[in-house]
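What follows is a set of notes on a single structure, which appears directly below.
Residue numbers (this note's numbering): 9 to 282.
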């Protein structure tokens, strides 16, 4: 059988677009002017939701480690996450104001300073990454509304890849839009079987316009969704350990569990969207 290979990186230049945000992860220190090293910290804390990660000077590696605590045990059980995000908004401690309120019982555990590191409204966005081919692990690049207003809360999933769906011959990629608390959006999510090994490098992208969103894998459009949130959104890039999907003998396997990210880029069309 022919060995599966990495899909090659795209050049930073994209015809008809200007590059407005990028991280090639070519340093050994995280650029905190671009990324917040926490996951929805208002519902937990910056300390408990801090990611485990390393930078080799060539890529970002997001880890789940053996001694890593659950990020928000009271409301998300034993789920463990290592994630970066490009914005943050919350109300005061004890309030119910905060981004991506995934459980109706949530209250702000630790108030967060407002941060808008990269919160575009429309654009073309892509990442090149390797997912984790182990059941119980999921890698995702997704977007959430900045949510200064509660209804500005839709989700755009660019890639959502579960370890149990990866083989050397094919892998499944989840993508689409979710309403969350935005009445103008209807849930429209898809999961495609692709002839790729997602544990190798592949490119996942979306073009978000005022009227539709196009989704791509390895520069090939997979689908158009005829919906579009109309407010600024931020990016979430992470690896998740999902206890209900783990194999029983996982504790004996090697640590850490790692996804690898080559780059993330955000573009705007030279002539804007018309």
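Built from N, CA and C at the ideal position, the CB exists for glycine as well.
For residue 239, the CB contacts under 8 angstroms within the same chain, skipping 5 residues up- and downstream, are 129, 153, 154, 157 and 160 in chain order. Cβ contact annotation for residue 226 (same chain, cutoff 6 angstroms, sequence separation greater than five): 15, 210 and 211, in chain order. Inclusion of residue 125 and residue 44 in the CB contact set at 8 angstroms is warranted, their separation being smaller than that value. Between the region 170 to 187 and the region 198 to 207 there are three or more C-beta pairs closer than 8 angstroms, enough to call the two in contact.
Counting along the chain, the unbroken beta strand (DSSP E) around residue 132 starts and ends at 131 to 138.
A Cβ-Cβ contact shorter than 8 angstroms links residue 266 with residue 70. For residue 81, the uninterrupted alpha helix (DSSP H) run begins and ends at 81 to 84, by DSSP.
Straight through space, the alpha carbons of residue 50 and residue 118 are spaced by roughly 5 angstroms.
Between the C-alpha atoms of residue 165 and residue 223 there is a straight-line separation of about 9 angstroms. The Cβ-Cβ distance between residue 24 and residue 278 falls below 8 angstroms. If you compare the alpha carbons of 256, 107, 68 and 162 with that of residue 35, the shortest gap goes to 68. DSSP places residue 30 inside the beta strand (DSSP E), whose first and last residues are 25 to 31. Per the C-alpha coordinates, the member of 31, 162, 100 and 147 positioned closest to residue 192 is 162.
Cβ-Cβ distances below 6 angstroms link residue 47 to 57, 79, 89 and 91 in the same chain, with the five nearest sequence neighbours on each side left out; the list follows chain order.
DSSP links residue 209 through a beta bridge to no other residue. The region 81 to 125 is shown to contain whole beta strand (DSSP E) runs of 3 or more residues at 88 to 93, in chain order.
When secondary structure is reduced to three states using DSSP, residue 182 falls in the strand class. Of the residues assessed, residue 194 falls on the exposed side of the cut-off, its CB having fewer than 16 other CB atoms within 10 angstroms. The beta-carbon separation of residue 143 and residue 254, rounded to 7 angstroms, stays under the 8 angstroms limit for a contact.
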